[in-house]
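Please read the structure below before turning to the comments.
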DNA sequence: GTCTATAAGAGGATAGAC
DNA sequence: GTCTATCCTCTTATAGAC
């Protein structure tokens, strides 16, 4: 793998475990298998620029999980509950390490690192846009699709946090059940081929 | 106010804005209006011990908001949605500074600071216990009460995170609506004086 | 109990040889 | 493009005067 890719990957991994401030350049260099000089050769902006790249890359990868996890389920609510359960299992198996550096870092730097806050906002906005598009394609109205996207994202990030603190998967299960219940209560069932759902958009 | 109280308060304030790692002893000392020596006089464990005290104190204060915010509403679902909206307004008015140091810090230190992770778990456990008791008193079954507590806490912490990154109150509104919908779907209506709700506990 | 001065080390970043 | 050595700042923590 290319050196700059190794650096970004190592940064993402370290940030999701210990955040931005606690991650040192030397620790990062040794984790990436590169001397400190290489870091500044590839990223003239130093630690901050590496963190920005790591957030962007992880954020983009992260949202791709949505269709991957939900497509297999005909019923959206069922799929969402299953996805939360899967996330819980993943976290348990990795010793309750967070899966999402954006979540770990945003709270930490929102007031002190304008660049990283902006990158986080950019990533989250993309999440909301892509999530809304996906749920709209699954038959929800545009406004419901956006609402569900926020519901999923907030519940997921909150569940990461509580699960990480409590070392329990109970937050995931409760959060998943809650969002699933909400989705199930919405009008417009999943689109069956040939049917036209009023209020839904394109496909 | 006593010096040690000022120190703990300043620590809580700094942690919720910038987390644990980024908060330095000198910054803390000047924020608390005390020289560094005083910090170590009152807290022999240094920064870590001060952080632990701040988390405990804030956590205890935090959960007291639950009855304060929900008691005025006869309908639990309506109250929850209103509470989320109130939190959104509060955050907007404070320039999207986080209201909850436990949330900001837990993600950051869960893998690296065993003591603080344990304190976070202790605080969160108290949240769950007190929340469950409150919702049970409001007429939910014990298992539903616990589930709703987790739903509220995860949605709230997640909404803090996304609202902080996006600088928007949309996450709060969507999260509040979701949890309210879930609560409204549960059996057992709010207890009216004199009625006995099966499965509910004490009073 | 309060405050000053300082120790000992780690932090991010850079220069320049290779 | 890789790596080493180093600069300077800032960190936590302590010692000891008041």
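Protein chains in written order, with my numbering: chain A, 3 to 205; chain B, 3 to 205.
We treat Cβ as the ideally placed atom computed from N, Cα and C, and that holds for glycine.
From a predicted model like this one, the values you see are computed outputs, not experimental measurements.
- Residue-level contact check: residue 15/B does not touch chain A, since none of the beta carbons of chain A fall below 8 Å from its beta carbon.
- In this structure, the straight-line span from the alpha carbon of residue 120/B to that of residue 109/B is close to 13 Å.
- Interface flag for residue 173/B against chain A is set, since a Cβ pair is found closer than 8 Å.
- Between residue 132/B and residue 82/B the beta-carbon gap is near 16 Å, outside 8 Å, which marks them as no contact.
- In this structure, the beta-carbon distance from residue 97/B to residue 163/A does not fall below 8 Å.
- At a C-beta separation below 9 Å, residue 29/B has no neighbours in chain A, since its nearest C-beta there lies roughly 11 Å away.
- Closest in C-alpha terms to residue 53/B, from the list 3/B, 100/B, 130/B and 117/B, comes 117/B.
- Within the model, the alpha-carbon separation for residue 49/B versus residue 36/B is close to 14 Å.
- Restricting attention to 101/B, 168/B and 4/B, the CA atom closest to the CA of residue 60/B is found in 101/B.
- The C-alpha of residue 9/A lies about 9 Å from the C-alpha of residue 56/A.
- The straight-line gap separating the alpha-carbon atoms of residue 13/B and residue 95/B is approximately 21 Å.
- For the pair residue 160/B and residue 21/A, the CB atoms are not nearer than the 8 Å cut-off.
- The stretch 74-89 of chain A makes no contact with the stretch 27-34 of chain A; the number of CB pairs closer than 8 Å stays below 3.
- Excluding residues up to 5 positions away in sequence, 5, 6 and 9 lie with their Cβ nearer than 8 Å to the Cβ of residue 44/B in the same chain.
- Residue 188/A sits in coil when the DSSP states are folded into three classes, being neither helix nor strand.
- When only Cα atoms are considered, residue 88/B and residue 38/A end up about 47 Å apart.
- Interface with chain A (8 Å Cβ-Cβ cutoff): residue 10/B is excluded.
- Bounds of the alpha helix (DSSP H) holding residue 48/B are 48-65.
- Against chain A, the CB of residue 136/B has no partner CB under 8 Å away; the residue lies outside that interface.
- In the structure shown, residue 133/A falls within a helical segment according to DSSP collapsed to helix, strand and coil.
- Sequence-distant partners of residue 147/B (beyond 5 residues in either direction) whose C-beta falls short of 6 Å from its own C-beta, in its chain, are 134, 137 and 138.
- Counting of Cβ neighbours within 10 angstroms places residue 149/A among the buried residues, the total reaching 16 or more.
- Taken in chain order, the members of the stretch 178-193 of chain A whose beta-carbon sits within less than 7 Å of a beta-carbon on chain B are 179, 180, 181, 183, 184 and 187.
- The CB of residue 95/A never comes closer than 7 Å to any CB in chain B; the least such distance is about 15 Å.
- Residues 142 and 146 of the same chain have their beta carbon placed closer than 7 Å to that of residue 188/A, with the five preceding and five following residues left out of the count.
- Less than 8 Å separates the beta-carbon of residue 185/B from that of residue 79/B.
- Note on geometry: alpha-carbon atoms of residue 123/B and residue 167/A lie some 5 Å from one another.
- The beta carbons of residue 112/B and residue 23/A sit no closer together than 8 Å.
- About 5 Å separates the beta carbon of residue 181/B from that of residue 157/B, a gap short enough to meet the 8 Å contact definition.
- Among the residues of the stretch 99-112 of chain B, those with a Cβ less than 7 Å away from any Cβ of chain A are 99, 100, 105, 106, 108, 109, 110 and 112, in the order of the chain.
- Residue 17/A and residue 27/B have their C-alpha atoms some 22 Å from each other.
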